[in-house]
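S.K.: Which chain is which? The protein sequence lines are B and L, in order.
The opening position of the first sequence corresponds to residue 242 in the numbering used here, with each subsequent residue numbered one higher.
The opening position of the second sequence corresponds to residue 2 in the numbering used here, with each subsequent residue numbered one higher.
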Amino acid sequence: QQPVQSPQAVILREGEDAVINCSSSKALYSVHWYRQKHGEAPVFLMILLKGGEQKGHEKISASFNEKKQQSSLYLTASQLSYSGTYFCGTPDDTSGTYKYIFGTGTRLKVLA
Amino acid sequence: ETGVTQSPTHLIKTRGQQVTLRCSSQSGHNTVSWYQQALGQGPQFIFQYYREEENGRGNFPPRFSGLQFPNYSSELNVNALELDDSALYLCASSFGEEKETQYFGPGTRLLVL
Numbered sequence: 242q243q244p245v246q247s248p249q250a251v252i253l254r255e256g257e258d259a260v261i262n263c264s265s266s267k268a269l270y271s272v273h274w275y276r277q278k279h280g281e282a283p284v285f286l287m288i289l290l291k292g293g294e295q296k297g298h299e300k301i302s303a304s305f306n307e308k309k310q311q312s313s314l315y316l317t318a319s320q321l322s323y324s325g326t327y328f329c330g331t332p333d334d335t336s337g338t339y340k341y342i343f344g345t346g347t348r349l350k351v352l353a
Numbered sequence: 002e003t004g005v006t007q008s009p010t011h012l013i014k015t016r017g018q019q020v021t022l023r024c025s026s027q028s029g030h031n032t033v034s035w036y037q038q039a040l041g042q043g044p045q046f047i048f049q050y051y052r053e054e055e056n057g058r059g060n061f062p063p064r065f066s067g068l069q070f071p072n073y074s075s076e077l078n079v080n081a082l083e084l085d086d087s088a089l090y091l092c093a094s095s096f097g098e099e100k101e102t103q104y105f106g107p108g109t110r111l112l113v114l
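1) Measure the Cβ-Cβ separation of Q246 (chain B) and C263 (chain B) and say whether it is below 8 Å.
2) I think Q37 (chain L) touches E53 (chain L), with their Cβ atoms under 8 Å apart; what is that distance to the nearest whole Å?
3) Does the region 303-317 of chain B come into contact with the region 263-277 of chain B, if we say contact requires no fewer than three beta-carbon pairs (one atom in each stretch) closer than 8 Å?
4) When the cut-off is 8 Å and only beta carbons count, does I355 (chain B) lie next to chain L?
5) Going by the beta-carbon positions, is the gap between V33 (chain L) and L82 (chain L) smaller than 8 Å?
6) If the criterion is Cβ atoms closer than 8 Å, does the pair G346 (chain B) and G43 (chain L) meet it?
7) Whole angstroms are fine: how far does the CA of Q18 (chain L) sit from the CA of S195 (chain B)?
8) Given that P332 (chain B) touches chain L, what residues does it touch there, using C-beta distances under 8 Å?
9) Express the C-alpha separation of S322 (chain B) and W265 (chain B) in angstroms, rounding to a whole number.
10) Put D334 (chain B) into one of helix, strand or coil per three-state DSSP.
11) Less than 6 Å between C-beta atoms, sequence neighbours within five positions excluded: which residues of the same chain meet that for Q49 (chain L)?
12) From the beta carbon of I288 (chain B), is the nearest beta carbon of chain C less than 8 Å away?
13) Starting from Q49 (chain L), find everything on chain B with Cβ-Cβ shorter than 8 Å and list it in chain order.
14) Put L269 (chain B) into one of helix, strand or coil per three-state DSSP.
15) Hey, out of L:G97, L:Q45 and L:C92, whose CA is closest to S75 (chain L)'s CA?
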């Protein structure tokens, strides 16, 4: 089962903040966040590891609650360039075979 | 840009035909994953190759097969194409223990008529 993201869609004005949540029914060992603009490939934003280590290369932040099997992505002072669809992703080998699963996605639109 | 390239960019095939899609990894990356993304959906994991061996597989039938070459480039082959195979096919490369920090290519858009 893929992680469920909320909200499904959000519209912001430039400068506003947004939070995107990712919830899994299975244990999460690491969570990744990607942004995909229309007609383009997903772009890696951030990785969150068990123990709280974060690695990213954009001016965004995220949290990872292993107990609650949740991750949240925080977009502050949003810019027009933040528009796109955001996906969380996580590895899953509970079936005995490695898989990588993306969440349901959150469409974000930032207006001027 | 990620340094991952895919060819061709677009392709039109008819039902029952076979197709081969190609991916060139980012320099130094030894892991490649393939995804299928239908319109309006998230990417679905097809399989992953690490050092020329299949390292994992999603819920796709055997007519989806792949190869990874010694230079870590990769191919995705789909036999007996069906209309539902129409999608954007993405490859992503990564390295070693950070194999899940994936860098995606621009994708190949496949249309099956």
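Ideal Cβ positions, reconstructed from N, Cα and C, are used throughout, including at glycine.
M.R.: If we stick to the structure as given:
1) Translated into the one-based positions of the first sequence, residue 246 (chain B) becomes position 5. Translated into the one-based positions of the first sequence, residue 263 (chain B) becomes position 22. Result yes, Cβ atoms of Q246 (chain B) and C263 (chain B) sit closer than 8 Å.
2) Counting from one through the second sequence, the residue named residue 37 (chain L) turns up at place 36. Counting from one through the second sequence, the residue named residue 53 (chain L) turns up at place 52. Q37 (chain L) to E53 (chain L), Cβ: 22 Å. No contact.
3) yes
4) Beyond the ends of chain B as shown, which are 242 and 353, falls residue 355 (chain B); an answer cannot be given.
5) Locating residue 33 (chain L) in the second sequence gives position 32, counting from the first residue. Locating residue 82 (chain L) in the second sequence gives position 81, counting from the first residue. Going by C-beta atoms, V33 (chain L) is not nearer than 8 Å to L82 (chain L).
6) Start at 1 with the first residue of the first sequence, and residue 346 (chain B) comes out as number 105. Start at 1 with the first residue of the second sequence, and residue 43 (chain L) comes out as number 42. Going by C-beta atoms, G346 (chain B) is nearer than 8 Å to G43 (chain L).
7) Because chain B spans 242 through 353 in this model, residue 195 (chain B) falls outside it and cannot be assessed.
8) Taking the first sequence and counting its residues from 1, one reaches residue 332 (chain B) at position 91. Simply E101.
9) The sequence position of residue 265 (chain B) within the first sequence is 24, counting from 1. The sequence position of residue 322 (chain B) within the first sequence is 81, counting from 1. The displayed chain sequence assigns Ser, not Trp, to residue 265 (chain B). The alpha-carbon atoms of S265 (chain B) and S322 (chain B) are separated by roughly 28 Å.
10) As a first step, residue 334 (chain B) is located in the first sequence; it is residue number 93 there, counting from the start. Coil, per DSSP.
11) As a first step, residue 49 (chain L) is located in the second sequence; it is residue number 48 there, counting from the start. Excluding residues within five positions, the ones whose Cβ falls inside 6 Å are S34, N56 and G57.
12) Among the protein chains in the structure shown, which are B and L, there is no chain C.
13) As a first step, residue 49 (chain L) must be located in the second sequence, where it is residue number 48. The contacting residues are Y339 and Y341.
14) Working through the first sequence from its first residue, we reach residue 269 (chain B) at position 28. Of the three classes helix, strand and coil, the one that applies to L269 (chain B) here is coil, per DSSP.
15) Here the question's residue 75 (chain L) lines up with position 74 in the second sequence. Cα-wise, what sits closest to S75 (chain L) is L:C92.
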